[in-house]
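**Q**
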Amino acid sequence: MSIQYFVVTFGIFIAKSLGFLRDVVFGAKFGATAESDVYFQIFGVVTLVFTGVGVALQTLVIKNLNSQPTTDDARRSYVAGFITRVFFACAAVTAALYAGAPYLVSLLLPELRPDLFPTALTVTYIMLPSLTFVVIAYIISGVLQNSRVFFIPSIISLPYNVLIISQLLFFDPDIIAVSVATTIGWALHVAFQLPSFYRRGYRLAKLPRGGAGAFAVREAAAIFLSNMVFQICFIIDRSFVSGSEGAITSVNYASNLFVTVSSVFVVAMSSVIFPAISKNYAEGKLEYVRRLVGTMIMAMTVIFVPYLLVASVFGGNIVSLIWERGSFTADAARLTSTSFIIYSFGVFGYIAQELFSKILYLSSRYAYTVAGAAAVAALKLATDSVIEDRFGIAGVAISTTALLTAYAIFITIKMRSVIGSFVTRKMIADALRTAICALSSLAVYFIFRFAAPGLCADRIKFLIPLLVCGVVYVAALFATGLFRSLANDMKSVRDR
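Note that the numbering used here gives residue 184 to position 178 of the sequence shown, counting from 1, and the numbers run on in steps of one.
1. With a 10 Å radius around its C-beta and 16 neighbouring C-beta atoms as the bar for buried, classify F354 as buried or exposed.
2. So S56 and V129 are in contact, right, with Cβ under 8 Å, and what is the actual spacing, rounded?
3. Please name the residue in I162, S185, A183 whose C-alpha comes closest to that of H195.
4. Hey, L361 and Y374: beta-carbon distance below 8 Å or not?
5. So, with DSSP's three-state summary, where would you put P135?
6. Can you grab the Cα-Cα spacing for the pair Y5 / V67, in whole Å?
7. Rounded to whole angstroms, what's the CA-CA distance from L137 to C96? Just pull it up for me.
8. With DSSP collapsed to three states, give me the class of N233.
9. So the alpha helix (DSSP H) K364 belongs to, where does it begin and stop?
10. Which residue's Cα is closest to the Cα of F19: A339, D178, T189, V272?
11. Please report the distance separating the alpha-carbon of I348 from that of A403.
12. So, does the region 315-334 touch the region 464-472, judging by three or more C-beta pairs under 8 Å?
13. Does chain B have any CB closer than 8 Å to the CB of A449?
14. Please classify F221: does DSSP put it in a helix, a strand, or coil?
15. Could you tell me the alpha carbon to alpha carbon distance between A197 and S370, rounded to whole angstroms?
16. Leaving aside the five residues before and after L368 along the sequence, list all residues of the same chain whose C-beta is less than 8 Å from its C-beta, in chain order.
17. Hey, how far is the Cα of T389 from the Cα of F88?
18. With DSSP run on the structure shown, which of helix, strand or coil describes G426?
19. Quick one: using the 10 Å Cβ neighbour count with 16 as the cut-off for buried, is N159 buried or exposed?
20. So what does DSSP say about A101, is it helix, strand or coil?
21. Taking contact to mean at least 3 C-beta pairs separated by less than 8 Å, is the region 338-348 in contact with the region 373-387?
22. Which residue wins for smallest C-alpha separation from T486, given the options L473, A441, L472?
23. Would you be able to state if there are at least three C-beta pairs under 8 Å between the region 415-432 and the region 469-480?
24. Considering only the beta carbon of each residue, do K386 and S405 sit closer than 8 Å?
25. Verify the contact flag: S245, CB atom, against every heavy atom of the ligand COA, threshold strictly below 7 Å.
26. Is L503 helix, strand or coil by DSSP?
27. Which of helix, strand or coil does DSSP assign to I442?
28. Below 8 Å between beta carbons: does that hold for A211 and A86?
29. Expressed to the nearest angstrom, what Euclidean distance is found between the alpha-carbon atoms of V186 and S491?
30. If I417 and S363 are in contact, beta carbons under 8 Å, what's the gap, nearest whole angstrom?
31. In the structure shown, what three-state DSSP assignment does A435 receive?
32. What whole-angstrom Cβ distance do V235 and Q359 have, given they're in contact under 8 Å?
33. Under a three-way DSSP split, which group does I348 fall into?
34. Got a sec? Which residues, its chain only, sit under 8 Å from G426 by beta carbon, not counting five neighbours each side?
35. To which residues of the same chain is R502 closer than 6 Å at the C-beta, ignoring the five residues directly before and after it?
Structure, rendered in structure tokens:
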């Protein structure tokens with residue numbers, strides 16, 4: 007498992023790095039303006055809602071491939087039938103969205119200036135076909151992951167990012183042109199994976215005949231709603247701050263930075279470990295599943311404890327370094343960094359959505375995840391309506407983080423009822439060693455803060471104390487024996 011995880015992490019890192027560059031170039035070109043707000047709010051539906059549908063169906067196809075078809079031919083037949091049904095469903099939904107596009111724009115951008123409404127409507131029309139491309143791309147990724155093909159799905163966004171970056175750098179496009187390239191980029195997600203998909207004997211189409219390939223609408227809908235916790239919170243935040251020019255763009259960059267960094271590790275872990283968990287759960291090997299989950303939790307702890315420290319003390323420096331140039335002003339950077347730091351502490355909710363909820367899906371306990379998602383959405387609407395006027399972007403970000411943390415606690419408790427207790431004395435000891443490592447690096451930061459405050463405050467020179475703190479953390483991992491302990495755990499749960 008460890009080699010596969012690092013391969014997938016490396017692939018996602020490459021793809022996300024280009025995504026960072028895309029945002030940097032976009033920010034320098036368009037800044038934080040009403041026009042960029044239009045693009046990001048409509049684009050947010052594609053990247054958040056449409057991908058939510060894709061992830062739901064990806065999860066469902068992995069689960070069913072491990073529990074229903076019994077032969078390779080049956081699996082291939084199931085996948086072809088599944089994709090065919092999804093395609094027709096997406097076509098019907100897209101047609102309905104076209105008919106209701108004006109109402110959708112009004113809902114997503116309630117305080118949009120009247121002169122920008124035609125632009126927003128045009129962008130919506132251009133991006134709606136992305137639904138089909140996004141969903142089918144995620145289904146294909148799930149099939150490849152279940153076939154132990156991990157690297158290609160991890161870098162599927164490369165062609166998309168290269169296309170957008172090239173357009174921004176060399177063709178001086180407007181928002182409409184970028185929207186066209188965005189939709190084409192999503193189509194490339196499908197095309198990029200097709201060679202690997204076809205080499206393994208899978209096909210995209212088959213006449214629907216029922217049976218094992220039947221499209222489980224209720225199950226897919228439950229997974230989709232459960233996978234929308236984070237996305238719903240971000241969309242609601244953007245809607246409530248839409249009255250302030252540039253606020254949507256700042257929230258978008260903050261949430262993107264958080265999700266981009268987090269997903270490098272969380273999505274990689276989910277891609278590698280969920281097929282193994284699904285297979286072993288279906289075979290009744292709960293002890294092995296508990297070991298997988300325990301190892302997964304410790305790996306995430308070792309990664310995200312230092313991430314939270316970095317976000318807390320260097321978040322402003324990082325945002326300034328990445329975006330503060332061209333049309334992206336210092337004020338926009340300040341708003342973005344505030345949101346980024348606060349959102350970062352919602353990482354526990356992100357892990358619960360991407361990893362822990364999937365374990366509940368295996369036992370078909372969708373009522374818990376759907377109820378949790380619905381409660382978060384309702385509370386989010388209620389709290390933002392009260393908080394936004396008084397506290398602005400910081401207030402809506404705090405409500406998101408608090409609700410996601412509560413959701414994580416709820417899902418973790420329910421997960422224990424499915425697979426049993428996965429907390430061991432060794433996990434507790436490793437968690438304490440992680441705290442020691444983190445405190446060691448934090449102590450080094452405070453030494454720099456008092457001895458050389460200029461380094462910590464500088465837009466570029468902060469990289470020096472950041473690098474030193476990182477070295478101290480890694481050294482502490484080895485000194486405490488935590489690195490060896492985690493490596494042994496990952497080796498012991500390597501897929502059989």
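All residues carry an ideal CB built from backbone N, CA and C; glycine is no exception.
Given the structure is predicted, the values throughout are model-derived calculations rather than measurements.
**A** This is what the structure gives:
1. Within the sequence shown, numbered from 1, the residue matching residue 354 stands at position 348. Looking at its Cβ environment, which holds 16 or more other Cβ atoms inside 10 Å, F354 is buried.
2. Position 50 of the sequence shown, counted from the first residue, corresponds to residue 56. Position 123 of the sequence shown, counted from the first residue, corresponds to residue 129. The sequence as given places Phe at residue 56; Ser does not occur at that position. With a Cβ gap of about 14 Å, F56 and V129 do not count as contacting.
3. Position 189 of the sequence shown holds residue 195. Looking at the Cα atoms, I162 is the closest of the given residues.
4. In the sequence shown, the residue the question calls residue 361 occupies position 355. In the sequence shown, the residue the question calls residue 374 occupies position 368. No, these two residues do not count as a Cβ contact at 8 Å.
5. For this step, residue 135 is matched to residue 129 along the sequence shown. Three-state DSSP puts P135 in coil, outside helix and strand.
6. No information on residue 5 is available, as it lies outside the stretch 7 to 502 that the chain covers here.
7. Numbered from 1 along the sequence shown, position 131 holds the residue referred to as residue 137. Numbered from 1 along the sequence shown, position 90 holds the residue referred to as residue 96. In a straight line, the C-alpha of L137 is about 7 Å away from that of C96.
8. Within the sequence shown, the letter at position 227 stands for residue 233. Correct three-state label for N233: coil.
9. The count along the sequence shown starts at 1 and reaches residue 364 at position 358. Per DSSP, K364 belongs to the alpha helix (DSSP H) from 363-368.
10. Working through the sequence shown from its first residue, we reach residue 19 at position 13. Out of A339, D178, T189, V272, V272 has the C-alpha closest to the C-alpha of F19.
11. For the purposes of this step, residue 348 is identified with residue 342 of the sequence shown, where counting begins at 1. For the purposes of this step, residue 403 is identified with residue 397 of the sequence shown, where counting begins at 1. If I take the Cα positions, the gap works out to 6 Å.
12. yes
13. The structure shown contains no chain B; it holds only a single protein chain.
14. Reading the sequence shown from its first residue, position 215 is the one you call residue 221. Confidence at F221 is low in this model, with a pLDDT of 47, below 50, so its placement is unreliable and the value that follows should be read with caution. Looking at F221 - three-state DSSP - the assignment turns out to be coil, as it is neither helix nor strand.
15. In the sequence shown, residue 197 corresponds to position 191, counting from 1. In the sequence shown, residue 370 corresponds to position 364, counting from 1. Those two C-alpha atoms are separated by around 32 Å.
16. On the sequence shown, position 362 is the one that residue 368 refers to. Result list for L368: K69, I283, S284, Y287, A288, V424, in chain order.
17. If you number the sequence shown from 1, residue 389 lands on position 383. If you number the sequence shown from 1, residue 88 lands on position 82. Roughly 39 Å between the two C-alpha positions.
18. Against the sequence shown, residue 426 aligns to sequence position 420. Coil, per DSSP.
19. Indexing the sequence shown from 1 puts residue 159 at position 153. As written in the sequence, residue 159 is Pro, which differs from the Asn given in the question. Flag for P159 reads buried.
20. Locating residue 101 in the sequence shown gives position 95, where the first residue counts as 1. Look at A101 here: in three-state DSSP terms it is helix.
21. no
22. The count along the sequence shown starts at 1 and reaches residue 486 at position 480. For the residues L473, A441, L472, the minimum Cα distance to T486 belongs to A441.
23. no
24. On the sequence shown, position 380 is the one that residue 386 refers to. On the sequence shown, position 399 is the one that residue 405 refers to. Yes, the Cβ-Cβ distance between K386 and S405 is below 8 Å.
25. With respect to the ligand COA, the structure shown offers nothing to examine, as it has no ligands at all.
26. As displayed, the chain neither begins before 7 nor continues past 502, which places residue 503 out of reach and without an answer.
27. Within the sequence shown, residue 442 is the residue found at index 436, counting from 1. I442: helix per DSSP, three-state reduction.
28. Your numbering for residue 211 matches position 205 in the sequence shown. Your numbering for residue 86 matches position 80 in the sequence shown. A contact, by the Cβ cut-off of 8 Å.
29. Here residue 186 is taken as the residue at index 180 of the sequence shown, counted from 1. Here residue 491 is taken as the residue at index 485 of the sequence shown, counted from 1. Those two C-alpha atoms are separated by around 49 Å.
30. Numbered from its first residue, the sequence shown carries residue 417 at position 411. Numbered from its first residue, the sequence shown carries residue 363 at position 357. Between S363 and I417 the Cβ distance is about 6 Å, and since that is below 8 Å, they are a contact.
31. The residue you call residue 435 lines up with position 429 of the sequence shown. In this structure, A435 counts as helix in the three-state DSSP scheme.
32. Taking the sequence shown and counting its residues from 1, one reaches residue 235 at position 229. Taking the sequence shown and counting its residues from 1, one reaches residue 359 at position 353. Sure, about 5 Å apart at Cβ, within 8 Å.
33. Walking along the sequence shown from the start, residue 348 turns up at place 342. Helix.
34. Position 420 of the sequence shown holds residue 426. Counting only Cβ-Cβ distances below 8 Å, and skipping sequence neighbours, we find L292, R296.
35. Position 496 of the sequence shown, counting from 1, holds the residue named residue 502. Model confidence at R502 stands at a pLDDT of 48, short of 50, so the residue's coordinates are unreliable; what they give is reported in the following sentence. Counting only Cβ-Cβ distances below 6 Å, and skipping sequence neighbours, we find nothing.
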